[in-house]
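S.K.: Here it is, the structure in full.
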DNA sequence: CTAATTCAGTTGCATAATGCAACCATAAAG
DNA sequence: CTTTATGGTTGCATTATGCAACTGAATTAG
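Chains as they are written, first to last, in the numbering used here: chain H, 45 to 222; chain C, 45 to 222.
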């Protein structure tokens, strides 16, 4: 009875969790984004067990989020660096940090962000890639994308364009959208 | 030897994980954002064990992310709804979904987002709350905020303003920033 | 009127996942 | 020559997770 994997779900959120959803993984990415690279530094900063740390780092490497780079030959030593795929998780980490700042930081944000190019403290405002207006949750409507498979079992009217007439793009399958 | 808690870390990312970092929690929020409200619907859509589901829902309620609302009196039944605190996690979920779309969706995004007010498929562009320019990770500089405590053990030059002269805002403690 | 179904869980048990501490190995430092 | 720094591995104890069976109240089917 191993822990159930999210890999079979046809959902990008689930796929993201499959990569960074384990305990500690997000904090490793956070620290890596701050510039931490060495096994011992991760270990000391986080207070994580060494076996778990090794396991997480290897998983992140397997999934292409980090890679090992040799920084010493005599005692053969490697540092752990983020790939572009890993660095692109900064939006996820930043969204989490800002949510935590708003709801779980009674003494105020422990860390703030300065936008170098304008020199001011900054938060991340989400705007629409098409019209540039600020995005609000209620303005968003989920629709099936090119990778969609089935749409049954979804709450009614979330996908009003699909009447389940059998003409779903990718045909029938045992997979589920979202 | 229980699973180590992140609660003692003075970091908003860790606090967020403390609320939604457990296995399944993020998928529950995702489905709740899609309009799923009933115990059985979560169970069927996710394939989660009922005991885990009950435990996660109660945790989310304890942390103020969801609440129970009675929708039937005769068989006393409740639905699970997101609070504003919970709905505000949409940025985190969306950032995860877009990352998954980019790196873990070989057949294309299973779900896309339409921006109702402009009518087009949209992605979330992060812009600076001060200058409105698009934010890039390399343009961001982490600085201690009002809730900062200690800054030792941090990678050098990440907090160049603090020379650890003992005048840190909140004084000495065993806590660590970030 | 009885049986099956729906909804919302709870309980028991087996198997992973996690945490701790001890240990290993190389090289540099004192 | 012993200690320290770095980067792990191994063993064992404790949690967390998953599965299936069960409870219980009310509604629906036959």
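Idealized CB from N, CA, C, for every residue including glycine.
Closer than 8 Å, Cβ to any Cβ of chain C: which residues of the region 71–82 of chain H, in chain order?
M.R.: 71, 74, 75, 77, 78, 79 and 80
S.K.: Closest Cβ-Cβ distance between residue 94/C and chain H: below 8 Å?
M.R.: no
S.K.: On the DSSP bridge assignment, give the partners of residue 121/H in chain order.
M.R.: 116/H
S.K.: Please name the residue, chosen from 80/C, 145/C, 185/C and 167/C, that lies closest to residue 160/H on a Cα-to-Cα basis.
M.R.: 185/C
S.K.: Using a C-beta cutoff of 8 Å, does residue 169/H count as contacting chain C?
M.R.: yes
S.K.: So for residue 90/C, helix, strand or coil by DSSP?
M.R.: helix
S.K.: Please report the residue range of the alpha helix (DSSP H) in which residue 140/C lies.
M.R.: 134–147
S.K.: From this set, 157/H, 57/H, 148/H and 95/H, which residue's C-alpha is nearest residue 145/C's C-alpha?
M.R.: 57/H
S.K.: When the cut-off is 8 Å and only beta carbons count, does residue 58/H lie next to chain C?
M.R.: yes
S.K.: Determine the chain C residues that contact residue 185/H at a beta-carbon separation under 9 Å, and present them in chain order.
M.R.: Under the 9 Å cutoff, chain C gives 157, 158, 159 and 160.
S.K.: Going along the chain, which residues of its own chain have a beta-carbon closer than 6 Å to the beta-carbon of residue 215/H, five neighbours each way excluded?
M.R.: For residue 215/H, the pLDDT reaches just 35, beneath the cut-off of 50, and the residue's location in the model is therefore unreliable, although a value from the coordinates is still provided. Taken in chain order, the list of residues that qualify is empty.
S.K.: What residue range does the alpha helix (DSSP H) around residue 128/C cover?
M.R.: 128–131
S.K.: Can you pull the chain H residues whose beta carbon is under 7 Å from the beta carbon of residue 134/C, in chain order?
M.R.: 181
S.K.: Within 10 angstroms of its Cβ, does residue 62/H collect 16 or more other Cβ (buried), or is it exposed?
M.R.: buried
S.K.: Can you confirm whether residue 87/H, when its beta carbon is compared against all beta carbons of chain C, has any partner nearer than 8 Å?
M.R.: no
S.K.: Which residue's Cα is closest to the Cα of residue 60/H: 48/C, 105/C, 139/C and 174/C?
M.R.: 139/C
S.K.: Just confirm the distance between the C-beta atoms of residue 177/H and residue 162/C, as a whole number of angstroms; I'd bet it's less than 8 Å.
M.R.: 7 Å
S.K.: Give the C-beta separation of residue 189/H and residue 152/C to the nearest angstrom, bearing in mind that I take them to be a contact with Cβ-Cβ under 8 Å.
M.R.: 6 Å
S.K.: Residue 116/H CB to nearest chain C CB: under 8 Å?
M.R.: By this cut-off, residue 116/H is not an interface position.
S.K.: With DSSP as the reference, label residue 172/H as helix, strand or coil.
M.R.: strand
S.K.: Which residue wins for smallest C-alpha separation from residue 104/H, given the options 117/H, 69/H, 170/H and 50/H?
M.R.: 69/H
S.K.: Would you kindly check if the distance between the Cβ of residue 87/H and the Cβ of residue 181/C is under 8 Å?
M.R.: Contact annotation: residue 181/C and residue 87/H have beta-carbon atoms that are not nearer than 8 Å.
S.K.: Which residues, in order along the region 143–155 of chain H, keep a beta-carbon less than 9 Å from a beta-carbon of chain C?
M.R.: 143, 144, 145, 146, 147, 148, 149, 150, 151, 152, 153, 154 and 155
S.K.: Cutting at 8 Å between CB atoms, please list the residues of its own chain near residue 179/H, excluding the five before and the five after it.
M.R.: 170, 171 and 172
S.K.: Locate the alpha helix (DSSP H) running through residue 78/H, then write down its first and last residues.
M.R.: 69–78
S.K.: Are the beta-carbon atoms of residue 66/H and residue 89/H separated by less than 8 Å?
M.R.: Here residue 66/H is not near residue 89/H, since their CB atoms are 8 Å or more apart.
S.K.: Is the Cβ of residue 54/H closer than 8 Å to any Cβ of chain C?
M.R.: yes
S.K.: On the premise that residue 125/C lies in contact with residue 113/C, defined as a C-beta separation below 8 Å, what is that separation, rounded to the nearest angstrom?
M.R.: 5 Å
S.K.: Is the Cβ of residue 208/H closer than 8 Å to any Cβ of chain C?
M.R.: Its pLDDT being 36, under 50, residue 208/H is placed unreliably in this model, and the coordinates cannot settle the point.
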